[in-house]
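Here the structure comes first, spelled out in structure tokens, and everything after it is commentary.
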Amino acid sequence: SAGRPVLRSDMQDRVVSAYTLPEGRLASRTTVAVSGGGVAQVVQAADTLLLSYQLDNRSEWADSGTWAVVAITAGTDRELWRKTGRLVGASAADGLVVLNSDEAELGVDLHTGEIRWSAPYPVDGFTAEAGAVAGFPSWLVTMTDVGRLETRDTRTGRVHAAVTVPRLTGRATVWPVGDLVLIGTGASRFQAFRLPDLTPLWHTSADVSQSWSQADCGRVLCTFRPQRGMTALDPATGRELWSSDRWAYAQAAGPYLLATSGDPADDLHALSVLDSVTGRELGNFGGWQLLGRSGRDGTAYGIWQIPGEYKIYYGVLDPATRGVRVLGSGQRVSAGCDIGAGVLVCRLIDASIAVWRLG
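Numbering of the sequence shown is given in our numbering, commencing with residue -4 and proceeding in unit increments.
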């Protein structure tokens, strides 16, 4: 929430309020001064709160980068450190924050802001984060224009493995996907390596050069075209299993995929259940919207918002039967619902927050 303006014209106090779930009890309030740009992310690591925010043109650091991160002792207004860069992840166990600056990836001490390690970006190369656990990446994967591919441990900054691939034409393409990384090797070809040791696995003949890849798509490797359309690959061989121009997004749900077209004008705009290996549509959930990740059995939570009203129903979606078990309803809900800690959390039309137990 907004707080009082501070003396410097380019800064404003923001108040971060933390609540326990499922009780909704106030746990702490933290005051932090940021520039007039928007706050993009708030992460708590042990007793430290990290805010990632956008710099505006009036900021004294405006020429240093677009984003900045400030670390505050949670529940206070005591600033620990402030640096330019994008917040990648934080590990309370390691006392470490990974930042993405204009010129390098940085490993920063959580409490002091001291730089523990730095990995400069290669000229005409590319670096991506991989192997995220609880929001913290395990590896940095770097590809250079001369064909050097390496993995770097984010906790130490040391290179773990390195291999050479054919020299690339144009900008390098690096896709970390689960325990794989796909590397563009030119002529619309991609090679897969196992992470983190970079064991070479396969080449694919499927043209996925203008696509992006879902981090986890269950039994298949999902690639999506910029507007709409997807291709599913066999993660063991790279063989194309199926392709469709209809789907804009899909998520694993046990042996199935839950997919949407992304087009509100489409009469078939619905949460559909697909056979992940064949791409065949098995049915759909109509106007139900998916919330969060699915469980190991494929079931997932979803909400259905009544058109023209601020009322929702929430329940459990079962892709095996395409059935819904309604758990309850909510009134005056505007949007912005999410699940966690056994509860549903939604923003109401007056900008307040409501919590419903799912059990």
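Idealized CB from N, CA, C, for every residue including glycine.
{"Asked": "Who pairs with residue 144 in a beta bridge, going by DSSP?", "Found": "138, 158"}
{"Asked": "The ligand NAD and residue 323: does any heavy atom of the ligand fall closer than 6 Å to the residue's C-beta?", "Found": "The model depicted lacks the ligand NAD and carries no ligand whatsoever."}
{"Asked": "Quick one: which unbroken beta strand (DSSP E) runs of 3-plus residues sit fully inside the stretch 209 to 246? Chain order, please.", "Found": "216 to 219, 225 to 228, 235 to 239"}
{"Asked": "Residue 248 and residue 289 - do their beta-carbons sit closer together than 7 Å?", "Found": "yes"}
{"Asked": "To which residues does DSSP link residue 28 through a beta bridge?", "Found": "8"}
{"Asked": "Between the C-alpha atoms of residue 209 and residue 220, what's the straight-line distance to the nearest angstrom?", "Found": "11 Å"}
{"Asked": "Check for me: the beta strand (DSSP E) holding residue 194 runs from which residue to which?", "Found": "194 to 199"}
{"Asked": "May I ask which residues mark the beginning and end of the beta strand (DSSP E) holding residue 185?", "Found": "185 to 189"}
{"Asked": "Determine the direct distance from the alpha carbon of residue 340 to that of residue 333, and round the result to whole angstroms.", "Found": "5 Å"}
{"Asked": "Answer with buried or exposed for residue 306, where buried requires no fewer than 16 other C-beta atoms within 10 angstroms of its C-beta.", "Found": "exposed"}
{"Asked": "Taking the alpha-carbon positions, what's the residue 184 to residue 218 distance?", "Found": "14 Å"}
{"Asked": "Under 7 Å between the Cβ atoms of residue 285 and residue 269?", "Found": "no"}
{"Asked": "Look up residue 77 in the DSSP assignment and give the residues it is bridged to.", "Found": "65"}
{"Asked": "Taking just the CA atoms, how far does residue 168 sit from residue 46?", "Found": "30 Å"}
{"Asked": "For the beta strand (DSSP E) containing residue 118, list its first residue and its last residue.", "Found": "Run containing residue 118: none; DSSP gives neither H nor E here."}
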